[in-house]
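To keep things clear, I will list the structure first and then write my remarks on it.
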Amino acid sequence: MSNYYMFYDGYFLSPNLPMAIIYIIFGLYTVIGNLLVCYVFIKDPGRDLRRTSNFFVINLSMADILVGITVEPINAASYWTKNNEILFVYYVFACLSCICSILNICALMVDRWIAVSFPFKYRSLVTANRVRTSCVVIWLVSTHFGLLPIIGWRSESFQVYLYTFGVLTPTIIMLCAYYGLRRILKKQVENLKNIADSKETAFTKRGVEREKRISTTVFIMLVVFLTAWFPFVIVDFLLVFGSTSQNPKVRLARDITLSLGFFSSGINPVLYAWRIPNFRRGLLTVFGIKRGKRIGIAPFPLPGAQSSSLNFSVPGFMSRRSVELDKIITRQRIDDH
């Protein structure tokens, strides 16, 4: 048996030429798209994208870039090299980068849940230092999944551990957070229907709509990731635990589902351009296509910004507090710029 194997000798399979070409194309697309995301966030002319929670967006883009510069090219290179050493390196980087992606999406979803559930405490709970620390922890946790095969854990139990704690657990956390988030927003919308229209409630309505749009964007990212990767997880389980390890049709299915999973790393830049007005505006401005114009709805708001509209149980109290909070936020933004 080779010294570089996973689960059983023969698990690794070099892609055919068409799949190798597809991996190369996906790799280039993924790297260019996510580098563009980082560039726009860094160069953002109006500074509307420089919010604390956006660190997770940049962290996610870095994980996707890692997929594009290591996982996909290495997998494609195995077509010409035909050796397990290359495929083993590919597997390690695939574990690291893909787990990092799902953990960052999980962090974004939990961030939205905190913002809606504890709007008046959000600024003190989600600080820049804590978010940066969380980003580092995400990379450390992801790296540990990649290191385990290197130190010798290559049995079937590793796959159970990987998919249970690296995929299933974050997915359950995200779904629970999203369910709680939508319940709160739904309740707030119902409360708004019982309040007469006024300038004060207009602030609140905009805030609720903003949070709904943000949470929907993160949920779409989650759905795209799971749709792209869960077919591969199922096929991979069949290969490791079933009696189909040498079935050419199942191996072909693994190649197809794997390419679908890699493609998800290039989808997020498209989602940002589609769902985030300030990112789209910043993208056009950075490339001189259109003058930037700041708008009031930040894609992932400044900590505390969402507090202007997301905590109300008594209508009269809600209206007064909404206005005061929006005034505070406006002054903060003026001071920041």
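Everything in the sequence shown is counted per this note's numbering, starting at 377 for the first residue and increasing by one.
Every residue gets a Cβ at the ideal spot worked out from N, C-alpha and C, and that includes glycine.
From a predicted model like this one, the values you see are computed outputs, not experimental measurements.
- Taking the C-beta atoms as reference points, residue 449 is found no nearer than 8 Å to residue 409.
- Beta-carbon to beta-carbon, residue 591 and residue 551 are separated by about 13 Å, too far to satisfy the 8 Å threshold.
- Residue 420 sits in coil when the DSSP states are folded into three classes, being neither helix nor strand.
- A buried status is given to residue 477, since no fewer than 16 other beta-carbon atoms sit within 10 Å of its beta-carbon.
- Counting only runs of at least 4 residues, the region 391-471 fully encloses the following alpha helix (DSSP H) elements, listed from N- to C-terminal order: 393-419, 430-442 and 448-457.
- Counting along the chain, no alpha helix (DSSP H) covers residue 502, and no H or E run does either.
- Boundaries of the alpha helix (DSSP H) harbouring residue 661: 653-662, taken from the DSSP string.
- Contact between residue 601 and residue 481 is confirmed by a C-beta separation of about 6 Å, below the 8 Å threshold.
- Taken through DSSP and simplified to helix, strand or coil, residue 387 comes out as coil.
- Distance from residue 471 to residue 417 at the Cβ level is roughly 27 Å; contact not present, criterion being Cβ atoms closer than 8 Å.
- Excluding five sequence positions before and after residue 486, the CB atoms of its chain that fall closer than 6 Å to its own CB belong to 553, given in chain order.
- Contact annotation: the region 503-523 does not touch the region 628-641, with fewer than three C-beta pairs closer than 8 Å.
- Residue 524 sits close to residue 534, with the two beta carbons spaced by under 8 Å.
- Look at residue 665 here: in three-state DSSP terms it is coil, with no helix or strand label.
- 565 is the residue among 532, 641 and 565 whose C-alpha sits nearest the C-alpha of residue 492.
- Distances from the alpha-carbon of residue 439 to those of 510, 625, 469 and 615 put 469 closest.
- C-alpha of residue 656 to C-alpha of residue 649: approximately 5 Å in a straight line.
- With fewer than 16 other Cβ atoms from the protein chains shown falling within 10 Å of its own Cβ, residue 665 counts as exposed.
- Annotation for residue 483: 432, 510 and 514 place their beta carbon closer than 7 Å to its own, counting only its chain and skipping 5 residues before and after.
- With contacts defined as CB atoms closer than 8 Å, residue 663 and residue 399 fail to qualify as a contacting pair.
- With a beta-carbon spacing of about 6 Å, residue 428 and residue 502 fall inside the 8 Å limit used to define contacts.
- Contact check for residue 641 and residue 443: beta-carbon distance about 4 Å, within the 8 Å limit, so the pair qualifies.
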